[in-house]
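Visitor: Following this message is one structure expressed as structure tokens.
In full-length UniProt numbering, the protein residues as written are 1 to 320.
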């Protein structure tokens, strides 16, 4: 394909001090990188998987920056005759400013050797509240065309006090892969839109809906009542539970809506959070190990909830 695709254009920049590249400058800086909320507060996506997801997300993209070959591959997906054609991406990319840079120029701009060679910057938007996200989840779930739309297990994730951006990103990647419909944050959790979270999530943090509960580390749990009022059973993941995950889920009366709640590695969920849950569950571990990485534990919870509730609900619907 030709590098300049019809309807799309790129601008080559060779000067690393060019202000048009400021949106992706100093990405490793501790105090003035562009993804800090107190600064520009931009959303930064990196690589050929995350960048298209940002382009197709709700976030207004300011620019795309990349090596010539990386931009050419991105543009190839906008061409109807291409095997990689993506009509949603083609629409999203129109009007977006794209800057072509060399590897050396990009290294000087971002502050390290970015071998992925493709990144994009977007403005943040106003975050939706918990009830708005749950409304959207309910609306999408009710709009399915399955013979038994009510039989689809609905699983969401509640996160408390997880301050590591890589763990946050991994939770979103696991959520997307295992069919979790939303991630809700209690107090004390890291910003899911930091560059590292977006990168580790492979851009799925831009697709899986999320919201934050209001309140402090000791009060936010009161609003878990919103979930219970909507029919969710809240399962607190803790190594100190009396029941295994399988036992806890088997005892859940309403398996149509399950919220898997996880806490920070080390301290885990607060006692306030565990008291607010409907049931506590542990993952059986071998002697000498008491817990797993929080994202791994969450993934096991997601899979177990989706699998168990699905089997139970479809049985009730008469499909077994």
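Note that the Cβ used here is the ideal one computed from N, Cα and C, for glycine as well.
Does the beta-carbon of residue 372 have 16 or more other beta-carbons within 10 angstroms, so that it is buried, or is it exposed?
Guide: An answer regarding residue 372 cannot be provided, because it is not within the stretch 1 to 320 covered by the chain.
Visitor: So who's on the other strand from residue 263, going by DSSP bridges?
Guide: One-based indexing of the chain shown puts residue 263 at position 263. When beta bridges are read from the DSSP output, residue 263 appears opposite 160.
Visitor: Between which two residues does the alpha helix (DSSP H) carrying residue 233 extend?
Guide: The residue given as residue 233 occupies position 233 in the chain shown. Looking at the DSSP string, residue 233 is not in any alpha helix (DSSP H); the run it does join, the beta strand (DSSP E), is 233 to 237.
Visitor: Kindly confirm or deny that the segment 173 to 189 and the segment 16 to 26 touch, where touching means at least three C-beta pairs closer than 8 Å.
Guide: Contact fails between the segment 173 to 189 and the segment 16 to 26, because fewer than three Cβ pairs, one in each stretch, are under 8 Å apart.
Visitor: Please state whether DSSP places residue 300 in a helix, a strand or coil.
Guide: Sequence index remark: in the chain shown, residue 300 carries index 300 (1-based). Three-state result, residue 300: helix.
Visitor: For residue 250, count the other beta carbons within 10 Å of its own beta carbon; 16 or more makes it buried, fewer makes it exposed. Which is it?
Guide: Counting from 1 along the chain shown, the entry for residue 250 is found at position 250. So residue 250 ends up on the exposed side.
Visitor: Given a threshold of 16 other Cβ atoms within 10 Å of its Cβ, counted over all protein chains shown, does residue 112 qualify as buried or as exposed?
Guide: On the chain shown, position 112 is the one that residue 112 refers to. So residue 112 counts as exposed.
Visitor: Starting from residue 123, follow its DSSP beta bridges and name the residues at the other end.
Guide: Within the chain shown, numbered from 1, the residue matching residue 123 stands at position 123. Beta-bridge pairing links residue 123 to 42.
Visitor: Return the residue from the list 295, 238 and 263 that minimises the CA-CA distance to residue 279.
Guide: On the chain shown, position 279 is the one that residue 279 refers to. Selected option, being the one with the closest Cα: 238.
Visitor: Between residue 201 and the rest of its own chain, which residues show a CB-CB distance below 6 Å, the 5 nearest in sequence each way excluded?
Guide: Mapped onto the chain shown, residue 201 falls at position 201. Hits under 6 Å: 169, 172 and 173.
Visitor: So residue 281 is in the beta strand (DSSP E); what residue range does that whole segment cover?
Guide: For the purposes of this step, residue 281 is taken as the residue at position 281 of the chain shown. Taken as a continuous stretch (DSSP letters only), the beta strand (DSSP E) holding residue 281 covers 279 to 281.
Visitor: Which value, in whole angstroms, describes the spacing of the CA atoms of residue 66 and residue 129?
Guide: Reading the chain shown from its first residue, position 66 is the one you call residue 66. Reading the chain shown from its first residue, position 129 is the one you call residue 129. Approximately 34 Å between the Cα atoms of the pair.
Visitor: If I follow the unbroken alpha helix (DSSP H) through residue 324, where does it start and stop?
Guide: Because the chain here runs from 1 to 320, residue 324 falls outside it and cannot be looked at.
Visitor: For the beta strand (DSSP E) that contains residue 211, what are its first and last residues?
Guide: In the chain shown, residue 211 corresponds to position 211, counting from 1. Per DSSP, residue 211 belongs to the beta strand (DSSP E) from 210 to 212.
Visitor: For residue 346, which three-state DSSP category applies?
Guide: The chain is shown from 1 up to 320; residue 346 falls before or after that span and cannot be answered.
Visitor: Using only the alpha-carbon positions, how far apart do residue 15 and residue 105 sit?
Guide: Mapped onto the chain shown, residue 15 falls at position 15. Mapped onto the chain shown, residue 105 falls at position 105. For residue 15 and residue 105, the distance between alpha carbons rounds to 7 Å.
Visitor: Please report the distance separating the alpha-carbon of residue 43 from that of residue 287.
Guide: On the chain shown, position 43 is the one that residue 43 refers to. On the chain shown, position 287 is the one that residue 287 refers to. Whole-angstrom Cα-Cα distance: 42 Å.
Visitor: Looking at the strands, I want to know which residues DSSP matches up with residue 61.
Guide: Indexing the chain shown from 1 puts residue 61 at position 61. In DSSP, residue 61 forms a bridge with 122.
Visitor: Is the beta carbon of residue 235 less than 7 Å from the beta carbon of residue 217?
Guide: To locate residue 235, count along the chain shown from 1; it is residue 235. To locate residue 217, count along the chain shown from 1; it is residue 217. No, the Cβ-Cβ distance between residue 235 and residue 217 is not below 7 Å.
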